[in-house]
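Report on one structure; see the data block that follows.
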Amino acid sequence: MANATAAIAYFSKSDGYYAAGDLRQEWLGHGAELLGLSGTPNFDHFKRLIHGHDPHTGDQLTAKLVENRIPAWDVTASIPKGVTVALENGDSRIQDALWEAARETLADLEQYSTTRVRKGGALDDRLTGNLVAFAVEHPETRPAKQDNMPDPDRHIHIVVMNVTHDPIEDEWKAVKFRPIMDLRKFFDRSFDLRLASKLTDLGYGIETSLKADARGTKRYYSWDIKGMPDSVVKKFSRRTGEVEKLAAELGVGSATGKDKLGATSRQFKRTDMTLEDYRKYWQGRITPAEGQAISSLITAANLGLNPEPTNTADKGVRFAIDHHFERRSVMDWHDLAVTSMERCMGGALPEEIEPEAKRQGALMKDGQVTTKAVLAEERRIIDFAREGKGTMRPLAIEGQPVRESAQGKPHAEGAGRVISELAMLLGLGQQKGANALNDVGSEPMGSELRVRDGQSPAPRSDPMQAIHAAATLPDPAILSHEQQLVSSARSEPQNSSLIDPKQGKLRAPDAHGAAPGQNWLSPSLSNEKPANIAPAPPLSPKQQATSSDHIPDARKMVGLSNEQQAMVSHVLTSTDQMVLVIGDAGTGKTHAIKSAFAQIDRPVEMLAASAEASRGVLRSPQGGGFRKADTVASFLMSPDRQAGVKNGVIWVDEAGLLAIKDLSRIVDIANEQHARIVLQGDPKQHRSVVRHGNMMNVLQEYAGLSVGRLTEVWRQKHKGYKAIVAGIAEGKQDKAFDQLAGLGWVQKVEDNKPLVDDYIQGINSGKEILVVAPTHAEADEVTAAIRSRLQDEGKLSHDEHKVQQLIPLNWTEAERGDLERYDGSETLVFHRNSGTFKAGQVVSVTDFKDGDRWKSPEHFSVYHKGEVGIATGDLVRFTSNGKSLDGHKLNNGSVYRIKGFDKHENPILDNGWTVKKEYGHLTHGYVSTSHASQGKTVDRVLIAMGSESKGAINAEQFYVSVSRGRESAKVYSDMAQDELKQAIQRTDARRSATELMQPKKKPRRRAYEGLRKFLAKARDRFKVLQAGLAGDTREQKRQKEYEYGR
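If you read the sequence shown in full-length UniProt numbering, its first letter stands for residue 1, the second for the next number, and so on.
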């Protein structure tokens, strides 16, 4: 309420027909008790309080009365239409239940009531636990436009005054109401659950209803008395129908938007009618049959004839946990409580939800919740990574492939002496060098260097890495590393250093493990004999084929940058069972991977989380030509492929999109097959829409894995464009956006015409164009605009053919297993054999026969049937794997052009394949969402970011979209630039259960500083060696100056 005078005028009607009948008014809240207010309100007290004055004396009540203060908030306790009808038709018990629920809900609000604390320079909030509320009962809706008469709608206006008592400072202050408003849905469901439970106690049955959105996704809508005639509910819901119709006409879909429409489109209440006049009108609209049904319903409730509710708190909480934690590791407790309450209307009370959630494994902290199962799954992966550190032989030693031994355990004897000897040469002394390592237990989060238990896996781009790598290399390699490092540190610089100064590449040793022409034995180790190493088990022909078939020409790859070579070295020389590679967008990850693959002679499975990223990107020439690349899901369903990776490598690209349940299964396979895992991705880009556990970051911070990192951008050709992408990668969205706008690449538009103009110009110039939108809805709008232009220019036929389209409803497994959710319009697509159904089978729910059953909802997805119009010349994208009519494989994400149609109106692709018009899994291929575009590279990217997609615009979406192009990236939006800049600041803040329950402690600074100084000296010394000091006087001078300064 923004205007106290208007509020007084509205609620002054309580002295009219509201007060004359059976409607009630009441003071509510502990704050009202403190002011001596109770029972039926004196309206003069209301008028004083809403102005911030003492209700009895009229004096100023609060410490401050600022101009334009918010006088109060109107919290409305509404009840379902069927409950109103039962109340108006004689069951007066419902009115008592309504007021009891309202009082209890206000008490819930009081537990969250706070006020600001500013005395003594404080900037804090204090929980007060009291509110003052004026409550008045109203019986009807606003008049309907049909006949200017209202419908019955019992509700209570709870006017919460902007005053609360601070018990510490003992004075009345303004309420900080925003935290309560932010939890409006939580309190709304609490009220509903309390009232529904009371109606159950009165003998009524309760049912809930779902409502589908524009894409067919069903969500909780409301609840009501079970058995109330639908015809009665519909005829007394005319205002709701008017608002829904207006919302559809204006394209308003949100609940908030509809509330605003209801407020702005309503008519004034009538003053020429009494409540009795309205009741006569309402009874006249009920038919005799409807009246008999209502009477029977009330009688059954009074006699206790309805069954006890079965939707108890345990079932509601179980569904909520299964539903939400399929896609999230951590969530707000109130959101979980809301879903739980929606599932047990009439069967539980709000105070039962939290204890039941804890009984089922919920873990709560700081208003957030996770579960014991989620935390345990993350912990198992972290333990696998941590326990696998230093347990594997390198995939290659300085470029030479090395197979695992039968035992797979490396030898580390003698490595410590290398570190100690090098430390002495650097002026630290043997013991001091060892202490610098052993003193350190942790380090700042996010660093690439992690030190645990005296070992320090450093970044592979750092020459110091070679020292620590020696601790886990086989004995011949240890000897090689020792001599190389120690002799280099002792002697004058020479061109036999580990790093080739010209190419930035590791020199390859000869067949005996030493570089040609070098004496590799250190005097301190020259008398040692290499330990016997068990021979590697021979690879089967199938395993060799698995490795070599990925990139037949990979060994020809040349031209890696120093950073890329360091990343390859990180992978090939790591002795960890799990290896992390993080590369920013456009830094040449694929280019570097190909070089790594060329040096691995064991089986490698190249996988990605999505079909777009695997079959669509990795298999393409631009994506690396990994012709065997496949989805993680396909690999997990193939025991033969899992067995084929024994002693090999499971390499996952775009690992940020990997669901944690899939990573958990990959970990199991790696354990069974003694394989290692390489996770490659960019945590700054999109993450999986299902639960991912933020594992790319967690594995660094909690398992202590070192990272092969790429940051130098190569994709973008335009210097300014390259700087923009690099800036976004560094988290400087504001600056990058301004630079993008400075290039003229951010356009404020009224419609999609400018984007379409640039699209047409690009394809006419032979450029590869990618159009990206944050949401499917905006993608559909842009698609329609592009197709319309192509039709106008004669490049696309006007003769459209309708083909079936299966639209995914994206139900969770918990939703798929809820039989009450199905209404007969759904289609199930089985991706595994399940009960009486076979993998690949498409079944409409209406076609189920007696005896049909599925084994688990995990085995199928749910779709809504629709149609899409396509024409000759159209681009179409397939959205699921399948086969053409002539038996050719259709890959998810593949794009084709429509060549024409056969006599049965089946579309014919530009390669001659024919697709059944009922195939279903296809859509127009002109526009992608940013999720689907991740991993792609094109010449130009055109990005639609309209206000209708504002909720989906964030930092990840902006980064992925902008970084796809080689030449340019243009943004088109109807929003002002400041509004758009604010939207791209939002990030995917989903945390892991580990981060919630076990936050990382700050490092011990003293130990870290000691290590930092030690490594600084070592880095500088090896930089001299790398540069070839003998002929580089500038480097020699810089080094002397540096040492003098120290």
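Cβ coordinates follow ideal geometry from the N, Cα and C atoms, glycine included. None of these values were measured; they are calculated from a predicted model.
Run of the alpha helix (DSSP H) containing lysine 280, from where it starts to where it stops: Taking the first residue of the sequence shown as position 1, residue 280 is located at position 280. Where lysine 280 is concerned, the enclosing alpha helix (DSSP H) stretches over 275-284.
DSSP state of glutamine 292 mapped onto helix, strand, coil: Counted from its first residue, the sequence shown places residue 292 at position 292. Note: glutamine 292 maps to helix in three-state DSSP.
Secondary structure, beta strand (DSSP E): runs of 3+ residues fully inside the region 936-973: 938-944 and 965-973
Span of the alpha helix (DSSP H) around aspartate 201: In the sequence shown, counting from the first residue as 1, residue 201 sits at position 201. Start and end: 184-201.
Top-ranked residue by Cα proximity to arginine 380, from Thr240, Asp653, Glu140 and Arg665: Taking the first residue of the sequence shown as position 1, residue 380 is located at position 380. Taking only the C-alpha atoms, the option nearest arginine 380 is Arg665.
Validate contact between the region 327-336 and the region 230-238 using beta carbons, cut 8 angstroms, 3 pairs: no
Close beta carbons around histidine 801, own chain, < 8 angstroms, minus the five adjacent residues each side: Counting from 1 along the sequence shown, the entry for residue 801 is found at position 801. Closer than 8 angstroms at Cβ, skipping near neighbours: Gly869, Ile870, Ala871, Phe901, Glu905, Pro907 and Lys917.
Per-residue burial, glutamate 110 [other beta carbons within 10 Å of its own, 16 or more giving buried]: Numbered from its first residue, the sequence shown carries residue 110 at position 110. Flag for glutamate 110 reads buried.
For glutamine 685, the nearest candidate out of Glu654, Arg709 and Ala670 (CA to CA): Numbered from 1 along the sequence shown, position 685 holds the residue referred to as residue 685. Ranking Glu654, Arg709 and Ala670 by Cα distance to glutamine 685 puts Glu654 first.
Nonlocal neighbours in the same chain, by C-beta distance under 6 angstroms from glutamine 747, ignoring five residues either side: As a position in the sequence shown, residue 747 is number 747, starting the count at 1. Answer for glutamine 747: Pro754 and Tyr972, listed in chain order.
Cβ neighbour criterion (16 or more within 10 Å) applied to arginine 897: Sequence index remark: in the sequence shown, residue 897 carries index 897 (1-based). By the 10 Å Cβ count, arginine 897 comes out exposed.
Simplified DSSP state of tyrosine 204, which is helix, strand or coil: Taking the sequence shown and counting its residues from 1, one reaches residue 204 at position 204. Coil.
Straight-line Cα distance separating alanine 97 from glutamate 948: Taking the first residue of the sequence shown as position 1, residue 948 is located at position 948. Taking the first residue of the sequence shown as position 1, residue 97 is located at position 97. Computed Cα separation, rounded: 41 angstroms.
CB contact flag (alanine 313, glutamate 356, <9 angstroms): Mapped onto the sequence shown, residue 313 falls at position 313. Mapped onto the sequence shown, residue 356 falls at position 356. Contact: yes.
Buried or exposed (CB count within 10 angstroms, at least 16 for buried), arginine 964: Taking the sequence shown and counting its residues from 1, the one referred to as residue 964 is at position 964. Flag for arginine 964 reads buried.
Reduced DSSP secondary structure (H/G/I, E/B, other) of phenylalanine 837: By one-based count along the sequence shown, residue 837 stands at place 837. The answer is strand: DSSP assigns phenylalanine 837 an E or B state.
Start and end residues, beta strand (DSSP E) containing serine 861: Residue 861 sits at position 861 when you count from the first residue of the sequence shown. Counting along the chain, the beta strand (DSSP E) containing serine 861 begins and ends at 860-870.
Whole-angstrom distance between lysine 646 and lysine 389, CA atom to CA atom: Within the sequence shown, residue 389 is the residue found at index 389, counting from 1. Within the sequence shown, residue 646 is the residue found at index 646, counting from 1. Their backbone Cα atoms lie some 19 angstroms apart in a straight line.
Continuous beta strand (DSSP E) stretch holding glycine 693: start and end: In the sequence shown, counting from the first residue as 1, residue 693 sits at position 693. Per DSSP, glycine 693 belongs to no beta strand (DSSP E) and is neither H nor E.
Neighbour flag for proline 179 against chain B, beta carbons, 9 angstroms: This model lacks chain B altogether; it includes just one protein chain.
Alpha-carbon spacing of isoleucine 79 relative to aspartate 978, whole angstroms: Counting from one through the sequence shown, the residue named residue 79 turns up at place 79. Counting from one through the sequence shown, the residue named residue 978 turns up at place 978. Going by the C-alpha atoms only, they are around 41 angstroms apart.
Coarse secondary structure for serine 788, derived from DSSP in three states: Numbered from its first residue, the sequence shown carries residue 788 at position 788. It is helical.
Separation of aspartate 792 from isoleucine 943, as counted between CA atoms: The residue given as residue 943 occupies position 943 in the sequence shown. The residue given as residue 792 occupies position 792 in the sequence shown. So the alpha carbons of these two residues sit roughly 23 angstroms apart.
Segment limits, alpha helix (DSSP H) that includes tryptophan 99: Taking the first residue of the sequence shown as 1, we reach residue 99 at position 99. First-last of the alpha helix (DSSP H) with tryptophan 99: 93-110.
DSSP three-state assignment for aspartate 734, whether helix, strand or coil: Working through the sequence shown from its first residue, we reach residue 734 at position 734. In the structure shown, aspartate 734 sits in a helix (DSSP, three-state: H, G or I).
Through-space distance from methionine 228 to asparagine 306, alpha-carbon basis: Here residue 306 is taken as the residue at index 306 of the sequence shown, counted from 1. Here residue 228 is taken as the residue at index 228 of the sequence shown, counted from 1. Going by the C-alpha atoms only, they are around 13 angstroms apart.
Coil, strand or helix - threonine 994 by DSSP: Locating residue 994 in the sequence shown gives position 994, where the first residue counts as 1. Of the three classes helix, strand and coil, the one that applies to threonine 994 here is helix, per DSSP.
Span separating the alpha-carbon of phenylalanine 11 from that of glutamate 104: By one-based count along the sequence shown, residue 11 stands at place 11. By one-based count along the sequence shown, residue 104 stands at place 104. So the two alpha carbons sit approximately 23 angstroms from each other.
Where serine 880 sits in the DSSP three-state scheme: Counting from 1 along the sequence shown, the entry for residue 880 is found at position 880. DSSP places serine 880 in coil when its eight states are reduced to three.
Host beta strand (DSSP E) of arginine 897 (start-end): For the purposes of this step, residue 897 is taken as residue 897 along the sequence shown, with counting starting at 1. Element bounds for arginine 897: 895-901.
Sub-9 angstroms separation of alanine 983 and isoleucine 953 beta-carbons: Here residue 983 refers to the residue found at position 983 of the sequence shown. Here residue 953 refers to the residue found at position 953 of the sequence shown. Yes, Cβ-Cβ distance for alanine 983 and isoleucine 953 is below 9 angstroms.
Distance between tyrosine 221 and isoleucine 208 (C-alpha atoms, nearest Å): The sequence position of residue 208 within the sequence shown is 208, counting from 1. The sequence position of residue 221 within the sequence shown is 221, counting from 1. Correcting the residue type first, residue 208 is threonine in the shown sequence and not isoleucine. Taking the straight line joining both Cα atoms gives about 8 angstroms.
Extent of the continuous alpha helix (DSSP H) to which proline 754 belongs: Residue 754 sits at position 754 when you count from the first residue of the sequence shown. Counting along the chain, the alpha helix (DSSP H) containing proline 754 begins and ends at 753-764.
Beta-carbon spacing of arginine 687, methionine 392 below 9 angstroms: Here residue 687 refers to the residue found at position 687 when the sequence shown is read from its first residue. Here residue 392 refers to the residue found at position 392 when the sequence shown is read from its first residue. No, Cβ-Cβ distance for arginine 687 and methionine 392 is not below 9 angstroms.
Integer-rounded CB distance, given that phenylalanine 830 should sit under 8 angstroms from phenylalanine 860: Residue mapping note: residue 860 aligns to position 860 of the sequence shown, counting from 1. Residue mapping note: residue 830 aligns to position 830 of the sequence shown, counting from 1. With a Cβ gap of about 5 angstroms, phenylalanine 860 and phenylalanine 830 count as contacting.
Contacts around alanine 773, its chain only, beta-carbon distance under 7 angstroms, and the 5 residues preceding and following it disregarded: For the purposes of this step, residue 773 is taken as the residue at position 773 of the sequence shown. Cβ neighbours of alanine 773 beyond the five flanking positions: Ala779, Val782, Val927, Thr929, Ala944 and Ser949.
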